[in-house]
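Colleague:
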Amino acid sequence: MIETRLGEFEEVILLLVGILDDNAYAFRIADEFKAQTGRTVSIGAVHSTLDRLESKGFLKSSMGNATAERGGRRKRIFTITALGKRVLKESRDFKMSLWDQFPAFSGKINFV
Amino acid sequence: MKENKTIPPALATRLLHAFLRNDLAEEVEGDLEENFYIQVKEMSPFRARLNYWYQVLQYVRPFAIRKRKPSHIIHMPMFRNYIKTGVRNLLKNKLFSTINISGMAISFASFLLITLFVQDELQFDKHLKDRALKFRVYNENSKEGKTLAMVQPMIGPTLQTEYPEVEYYARFLNFNSRVLFEVNDKKLSEGKGGYADASILKMFDVSMLEGNSATALTAPDGLAINRTLKEKYFGDDDALGKTVKVFGQDFTVTAVFEDFPAHSHFQINYFLALEGFIREQPERMKSWGWQQFHTYIKLKNGADAGPLGEKISDLVKRHSPEETEYRQRLMPVEKIHLHAYNQLWDIAIRGNIDTIYILLATAVFILVIAVLNFVNLSTARAVNRAKEVGLRKVVGAFRIQLINQFICEAVIIAFIALLIGVTVAGLLLSPLNNFTEKSISAALFFQPQWLGIFFLAACVIGITAGAYPALYISAFKPAHILASKSSGPISKNLMRKGLVVLQFMLSFFLIIASLTISKQYSYMRNANMGFKKDNLVVMQLTDEMLSKPEVTKEIFSSHPSILSATMGYGLPGEAYAGESIIDKNTQQEHSIKMLLADHDFARTLGLEVIAGRDFLKELPTDKDHSFILSETGAKLFGYSNPEDALGHELVWHRWDNPDSLKEGKVVGVIKDMQLNSMRDAINPIVLHIYPFGYSTLTVRIASDDLPATLAHLEKAWKTINTQWPFEYRFLDENFDKMYKAEEKLATLFQFFTAFTIFVACLGLFGLVVYNTSQKYKEISIRKVLGAGEGKLVFQLAKNYLILLGIAFALAIPVSYYAAREWLQKFVYRIDVTPALFLQAAFIITLLSIVTVGIQSLKAASANPVDALKEQ
């Protein structure tokens, strides 16, 4: 079995980072998570996951430029690394292959 | 109107800063603030603040929390390194290590021994069930302030009937002398016994080997003996139901009990049923004046002794037909051993709570002095380690690491010292046991809780001793040390001097205490007691001897070594014959100690007649109509001048016929005689001749050739056909016994004081060795320039003598006060004189001069070339 090395929450966060692109910092990601899933999550929880993903090498980060908002404090902007992209892709491919092997759904996905 | 600006809660932000990694602070704070202001717009400020708090708390996650100091500080390899360098340092400075370790080892050993001793003393009567509810009743003389361990026979029963909180009582009537036991052919005299209520066995939770503890002493001829007696008379056979002749009367063994445990204040070998005595002398048992019973009571569960003690204080006053100055008091049974040491006529094994406190204080002092030694020597030598510290800092040591290292060294020393100390204590334990007649086991050391305490003690003491030097040395500035030519910063002399002063204050205090105690005891021991207590041999009279007193005295006296012989009842340090006499003029009964004597009594005991005359054989009236008073006795009847007491008429109820009176005049007055220990006030005494009551034969012997004299006495004893085995005692043994425990403790205290002073001198020695080594060059240059050796020694020793002077000055008031306070308890006491302080000062000064002098002289007499050629 293929090791995806991504939990469900991690995968979503990783995808959100990709979606937000230049705006991917902890608060924005938590905000976007809520908007996309309807579930609330604390900034700390998101930050913790980002930190973990970065240490796994799926993300990299750098401090953005200071802006006038938020007291002039800089944001840490996260971007997906090549490895991160590959892992996301592998994860999707793996699931797709699983879907394909599902006889009831093969070809015609039938949502009840 | 401007809108009130809402900002994030400051406290939450502070909390965030308290734990958050510094590198995350900016972004996180930014994120949280951005979130907060968005929230404020969407919901109430309160909700927003709450959410801010929530967000802050959500950051308490491993990744976000600031890491502690560099973690390698607690790494094992580093500790191994501390230990290694510590050991190397010990080996490098053998002298200082020896001083530190031996000082601490002596302190540990002393501390341990004292702790063991004290712990053993505290064990007394802790084995008794319901001990919190058991008390001994004692009498306190409200006028003289003295206390008596024995009370009136009616007190026990009255307490039980009048006070519902008293469950039961037990009385014990001690035989003051040994009593003849006969089982078949075996005839031996036995001590430590008396009449007792049946409840005595229950009171002391005596464990029974044979018989029933509840009923054993209910029959009038009941006899309970302990295991030792049973084995002595009956061997392995059962003793129950056997007959034993005790002073000629038949008793039946109704119980055999286990010997009283060593930690019982009450040590008795046999009990006769008090019931028998009650049947014989029922009237006497109703007395409210006869204070002869050790009386114990047990309260009911839940009873409160405090109010009861108040209520019973006038028990005798309410019941006695006569006036009394005695108040009844309760003493918890577990306190008797340590707190009843000043009660008169006590048979309890005595300890002394004051001694316990004094020894404990000594134990603490000696530890403190050893710790101060360590602090002093380490800070003094810090200069030598300054370069090491500088270098370590330069190559990146944190201060905390250096502190750890120095504390580690101290702990190593403490552990080595502990090991030696425990060994020494183990070796000294058996002499200590012999000396104090205890049986403390060295096995105690190996119990887990003791091992734990040792480990902890070594750590605590190591850390305490190491803390100051560690903080002091580790604070050195590396640049300063390494750049300067000198080996380090000038150490803080004041602190070190202060510690030396403190050490010598403690030593001085201990010497004063120890001198005071030993002087007081030797004063009591050697005080003029009004009679010559040496060379007096006492024998118990038997019926055969009493029947022909003059012949008996003749038989015993027929040897050149026997100087004189007297028969009587009542001797110093023993029982006396009575406690009152009636003044014929006023018909008033006076409280006075009565001794029955014969014509040779005053001569044999060496009493000094200061007015009138001794009893004379030539005057037949002396036998029936004469009394002799002591000086204090004369004062009792109002005569401050002894001469005036002559002719005063006294009356006494005869024993052989209580209805008839013995009337007579005072024919002489003797110098006061101390009947008890010198702890007590002198009692008034009356002497008179009354052969019916005689119980002892006392002979004064010449001090040469004791064995021949004793052989003669034994031969004389056997000439008189008696069943009794030959037994004798020296009168001064009574006094030895009185003072023995206290003198032993005083000796013990002297030993520990000596140890303490030794440790203090050790520290001083170390300091002097170090300081002179620092001054070698100075000494050499002075010498080259022509200074004499004497002057150099003085130069070096001067500073220490000044410190000693300061220590004396500071210690004098404290020790003066303490000595005075301690002596308050003695009626006859030494004065706290300047001589005492001078003596103490002399001892310490001498020791310090020797300590300082040797080293200074060594330094001063060294060849200056050796010191100077190196540069």
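Chains as they are written, first to last, in the working numbering: chain C, 60 to 171; chain X, 79 to 949. We treat Cβ as the ideally placed atom computed from N, Cα and C, and that holds for glycine.
1. Roughly how many whole angstroms lie between the Cα atoms of X/G566 and X/V453?
2. Can you find a C-beta in chain X that's less than 8 Å from the C-beta of C/G97?
3. Within 10 angstroms of its Cβ, does X/Q230 collect 16 or more other Cβ (buried), or is it exposed?
4. Using a Cβ cut-off of 7 Å, pull out every chain C residue sitting near X/L110, in sequence order please.
5. Note down, in chain order, all residues in the stretch 105 to 116 of chain C with a beta-carbon under 8 Å from any beta-carbon belonging to chain X.
6. Between which two residues does the beta strand (DSSP E) carrying X/V334 extend?
7. For the stretch 813 to 829 of chain X against the stretch 418 to 437 of chain X, are there 3 or more C-beta pairs whose distance is under 8 Å?
8. What are the residues of the stretch 134 to 148 of chain C that lie near chain X, defined by any Cβ-Cβ distance shorter than 8 Å?
9. Alpha helix (DSSP H) containing X/T797: first to last residue?
10. Going by DSSP in three states, X/I518 sits in which element: helix, strand or coil?
11. Counting contacts by CB-CB distance shorter than 8 Å, is X/Y132 in contact with chain C?
12. Quick check: is the beta carbon of C/E128 nearer than 8 Å to any beta carbon in chain X?
13. I'd like the ranges of any beta strand (DSSP E) spanning at least 3 consecutive residues and lying wholly in the stretch 160 to 215 of chain X.
14. For X/I748, which residues does DSSP report across the bridge?
15. So, does the CB of C/F68 fall closer than 8 Å to a CB anywhere in chain X?
16. Beta-carbon within less than 7 Å of X/A945's beta-carbon, same chain only, minus the 5 sequence neighbours each way: which residues are those?
17. What span of residues does the beta strand (DSSP E) with X/E727 cover, start to end?
18. With 8 Å as the C-beta to C-beta threshold (strictly closer), list the residues of the stretch 77 to 88 of chain C near chain X in chain order.
19. If you measure from the beta carbon of X/A90 to each beta carbon in chain C, is any gap under 8 Å?
20. Could you please tell me which residues of the stretch 192 to 204 of chain X, in chain order, have their CB closer than 8 Å to any CB of chain C?
21. Can you find the residues in the same chain that come closer than 7 Å, C-beta to C-beta, to X/F513, ignoring five residues on each side of it along the sequence?
22. Does chain C have any CB closer than 8 Å to the CB of X/R127?
23. Residues of chain C with CB under 8 Å from X/Q136, in chain order?
24. Judging by CA-CA distance, which residue of X/L588, X/R407, X/E515, X/V467 is the nearest neighbour of X/A340?
25. Quick one: residues in its chain with C-beta nearer than 6 Å to the C-beta of X/K376, no 5 flanking neighbours on either side, listed in chain order?
26. For a contact defined as C-beta to C-beta under 8 Å, what are the partners of C/R132 on chain X?
27. Kindly list the residues whose CB is nearer than 8 Å to the CB of C/A125, restricted to its own chain and excluding five residues on each side of it in sequence; keep chain order.
28. At least one CB of chain C closer than 8 Å to the CB of X/A96: is that the case?
29. Between which residues of its own chain and X/T225 is the CB-CB distance below 6 Å, once the five residues before and five after are set aside?
30. Interface residues of chain C around X/R139 at Cβ under 7 Å?
31. Would you mind reading off the limits of the alpha helix (DSSP H) that contains C/D152?
32. Suppose the cutoff is 8 Å on Cβ atoms and the five residues either side in sequence are ignored; what does the same chain contact list for X/K455 look like?
33. Measure the alpha-carbon distance for X/D951 versus X/Y647 and round it to whole angstroms.
34. Alpha carbon to alpha carbon, what distance is there between X/V334 and X/E309?
35. For a minimum of 3 consecutive residues, which ranges assigned as the beta strand (DSSP E) are wholly contained in the stretch 608 to 672 of chain X?
36. Would you identify the three-state DSSP class for X/I921, choosing helix, strand or coil?
Modeller: Result, derived from the coordinates:
1. Confidence at X/G566 is low in this model, with a pLDDT of 44, below 50, so the placement of that residue should be treated as unreliable; the coordinate-derived value is given next. If you take the alpha carbons of X/G566 and X/V453, they lie about 18 Å apart.
2. Cβ-Cβ to chain X under 8 Å: no for C/G97.
3. Buried is the call here.
4. Within chain C, the C-beta atoms nearer than 7 Å to that of X/L110 come from I102, in chain order.
5. Look at the stretch 105 to 116 of chain C: the residues with a C-beta under 8 Å from a C-beta of chain X are H106, S107, D110, R111.
6. Residues 327 to 335.
7. The answer is yes - the stretch 418 to 437 of chain X touches the stretch 813 to 829 of chain X, with three or more Cβ pairs under 8 Å.
8. Along the stretch 134 to 148 of chain C, the positions whose C-beta sits under 8 Å from a C-beta of chain X are K134, R135, read in chain order.
9. Taken as a continuous stretch (DSSP letters only), the alpha helix (DSSP H) holding X/T797 covers 784 to 797.
10. Coil, per DSSP.
11. Taking Cβ atoms only, chain C reaches closer than 8 Å to X/Y132, which makes this a yes.
12. The C-beta of C/E128 comes closer than 8 Å to at least one C-beta of chain X.
13. For the stretch 160 to 215 of chain X, not a single whole beta strand (DSSP E) run of length 3 or above is found.
14. For X/I748, which the question treats as bridged, DSSP gives the partners X/V687, X/S708.
15. No, C/F68 does not count as interfacial toward chain X.
16. The beta carbon of X/A945 is closer than 7 Å to those of Y854, K855, S858 in its chain, skipping five residues each way along the sequence.
17. Counting along the chain, the unbroken beta strand (DSSP E) around X/E727 starts and ends at 727 to 731.
18. Y84, A85, F86: these are the residues of the stretch 77 to 88 of chain C whose beta carbon lies less than 8 Å from some beta carbon of chain X, given in chain order.
19. With 8 Å as the cut-off, X/A90 does not count as an interface residue toward chain C.
20. Taking 8 Å as the cut-off between beta carbons, none of the residues of the stretch 192 to 204 of chain X comes near chain C.
21. Spatial neighbours of X/F513 in its own chain (CB-CB distance under 7 Å, excluding positions within 5 residues in sequence) are listed in chain order as K822.
22. So no, X/R127 is outside the interface.
23. Residues of chain C passing the Cβ test: S101, I102, G103, A104.
24. Comparing C-alpha distances from X/A340 to each of X/L588, X/R407, X/E515, X/V467 shows the shortest one belongs to X/E515.
25. Once the five neighbours on either side are set aside, the close Cβ partners of X/K376 are L211, K212, E245, Y246.
26. Listed along chain X are E104, E105, E107, G108, E111, each with a C-beta nearer than 8 Å to that of C/R132.
27. The answer, listed in chain order, is G131, R132, R133.
28. For X/A96, not one C-beta of chain C is nearer than 8 Å to its own C-beta.
29. The residues are Y216, E218, Q421.
30. Near X/R139 (Cβ distances below 7 Å), the residues of chain C are G103, S107.
31. Taken as a continuous stretch (DSSP letters only), the alpha helix (DSSP H) holding C/D152 covers 141 to 159.
32. Residue 455 of chain X is actually Leu in this sequence, not Lys. Around X/L455: F174, I177, N178, G841, G844, L845, Y848.
33. Not covered by the structure: residue 951 of chain X. The range shown for chain X is 79 to 949.
34. Their backbone Cα atoms lie some 10 Å apart in a straight line.
35. Look at the stretch 608 to 672 of chain X and you find these whole runs of beta strand (DSSP E), each 3 residues long or longer: 614 to 618, 640 to 646, 656 to 661.
36. If DSSP states are grouped into helix, strand and coil, X/I921 belongs with the helices.
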